[in-house]
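Visitor: Structure provided below as structure tokens; questions to follow.
Number of protein chains: 2
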Amino acid sequence: MDTADRLIESTRELLWERGYVGTSPKAILQRSGAGQGSMYHHFTGKPDLALAAERRTVDEMRATVDALLSGPGTARERIAVYLRRERDVLRGCPVGRLTMDPDVVASPELRAPVEELFTWLRGRLTALVAEGQASGEFAPGLDPADTAAAIAATLQGGYVLARASDSVEPFDRAVSGILALLGPTP
Amino acid sequence: MDTADRLIESTRELLWERGYVGTSPKAILQRSGAGQGSMYHHFTGKPDLALAAERRTVDEMRATVDALLSGPGTARERIAVYLRRERDVLRGCPVGRLTMDPDVVASPELRAPVEELFTWLRGRLTALVAEGQASGEFAPGLDPADTAAAIAATLQGGYVLARASDSVEPFDRAVSGILALLGPTP
DNA sequence: GTCTATACGCCGATAGAC
DNA sequence: GTCTATCGGCGTATAGAC
């Protein structure tokens, strides 16, 4: 892993832990072991480095989630696998977290990767819900896009509830709750 | 409104807009029109002032939501009124937002009001779901606490999706989605 | 490519006068 | 109660040597 890579990886960690506003170049340098000069040689500044970190996180997330949602099993089973996927729940979602960052939302460049990921996710889930309706797993009256948004929102909101309580319990309950609402386990 | 009040109100606004990490005493002073000396006369420092602001926001939120959930109508109707309540969706939830703040979550004092609100909310929704089951509105097989967590999470996650897209649409879809899953509108 | 030096304003607070 | 002065450290770079 070269210096630019180490800078990006350290930035990814810090963005996840502390957000954009809470992450300073100095903290990135300390964590990565790089020097001031290296950082400003490889990147134009904090926004540029954050963008590189965001892109890597989003690309990785999309690949991981895509693999889960494209796996074996019924539509319902794949949604359950996705929602119950092993996570460090109290750390929150490294992408969703950025939506609470005022400087990210205010910058079209910094918000773009976040928007892309969630738009893709909702589309992917929409198709999966429609597939489940075709196979008779889900009620035919459901709107696939609305249902997909509710599933994605439950996950993101589950992180909020868990962090509020410093406990995984509300997250697990929310996931169980949405899965139960989707229909009885066959 | 006296000086202490103006300091608290300005802090509430800034915590909502920029979070705890992103809010500086200087910004609070500028917005409130108070001077340095006033602030440190009325409050011991930034955490103390933030705590006062949090408490006021949480108290107000609880009163508002309690009124909606205690209003007229069936359990389902009251949940719908709550979820569809007029909101400036893109601003996000002033309480949920704080869960993404590392310094808030790391401090038992600063996290306490957030935890209290969400614990209260889930309890209130749990009772309402149980009420709806008793009246035959909701499926008897649902776990009320899990369902309540899913409802609360959908709302919080709806904000995340909306801010990611800079659009209210995913929020509205998520709300419609969870309401549809709760059962057909009579 | 990486290092050190330098800059200048903001952060969060304390001190002491009025 | 409120004001101004002062403080050491951090945030976010730029400059120029090696």
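If you read the sequences in order, they're chains A and B.
The numbering used here applies: residue 4 is where the first sequence begins, and numbers increase by one.
The numbering used here applies: residue 4 is where the second sequence begins, and numbers increase by one.
All C-beta atoms, glycine included, are put in the ideal place defined by N, C-alpha and C.
Is Thr102/A close to chain B, meaning its C-beta is less than 8 Å from at least one C-beta of that chain?
Guide: Answer yes: the Cβ-Cβ gap between Thr102/A and chain B drops below 8 Å somewhere.
Visitor: Ignoring anything shorter than 3 residues or poking outside the stretch 77-149 of chain A, list the beta strand (DSSP E) runs there in chain order.
Guide: For the stretch 77-149 of chain A, not a single whole beta strand (DSSP E) run of length 3 or above is found.
Visitor: Within 10 angstroms of its Cβ, does Tyr23/A collect 16 or more other Cβ (buried), or is it exposed?
Guide: Buried, by the Cβ-count rule.
Visitor: Could you check which residue in Ala152/B, Ala183/B, Trp19/B, Arg127/B has the C-alpha nearest to that of Glu140/B?
Guide: The shortest C-alpha separation from Glu140/B is found at Ala183/B.
Visitor: Quick one: what's got a C-beta closer than 8 Å to Glu112/A's C-beta in the same chain, skipping five residues either side?
Guide: Correct list, in chain order: Pro50, Leu54.
Visitor: For chain A, is any of its Cβ atoms less than 8 Å away from the one on Ile82/B?
Guide: It does not; no Cβ of chain A falls within 8 Å.
Visitor: Closer than 8 Å, CB to CB, is Arg166/A near chain B or not?
Guide: Arg166/A counts as touching chain B.
Visitor: Taking only beta-carbon atoms, is Gln136/B less than 8 Å away from chain A?
Guide: Not closer than 8 Å to any Cβ of chain A, the Cβ of Gln136/B fails to qualify, so no.
Visitor: Quick one: any contact between the stretch 89-102 of chain B and the stretch 160-170 of chain B, if contact means 3 or more CB pairs under 8 Å?
Guide: Yes, the stretch 89-102 of chain B is in contact with the stretch 160-170 of chain B.
Visitor: Who are the Cβ neighbours of Ile154/B in its own chain at under 7 Å, not counting the five residues just before and after it?
Guide: Within the same chain, Ile154/B has close Cβ partners Ile82, Leu128, Ile181.
Visitor: Please work out which residues of its chain come closer than 8 Å, Cβ to Cβ, to Arg125/A, disregarding the five sequence neighbours upstream and downstream, and give them in chain order.
Guide: Within the same chain, Arg125/A has close Cβ partners Ala148, Ala151, Ala152, Ala155.
Visitor: From this set, Thr6/B, Leu71/B, Arg90/B, Pro75/B, which residue's C-alpha is nearest His44/B's C-alpha?
Guide: When only C-alpha atoms are compared, the closest one is Thr6/B.
Visitor: Run down chain A in chain order and give the residues with a C-beta less than 7 Å from the C-beta of Val117/B.
Guide: Those are Ala167, listed as they occur along chain A.
Visitor: Would you report the Cα separation of Ile31/B and Ala78/A, rounded to the nearest angstrom?
Guide: C-alpha separation (whole angstroms): 50 Å.
Visitor: Less than 7 Å separating the Cβ of Asp5/A from some heavy atom of the ligand SAH?
Guide: Judged by which ligands are present, the structure shown has none, so any question about the ligand SAH falls away.
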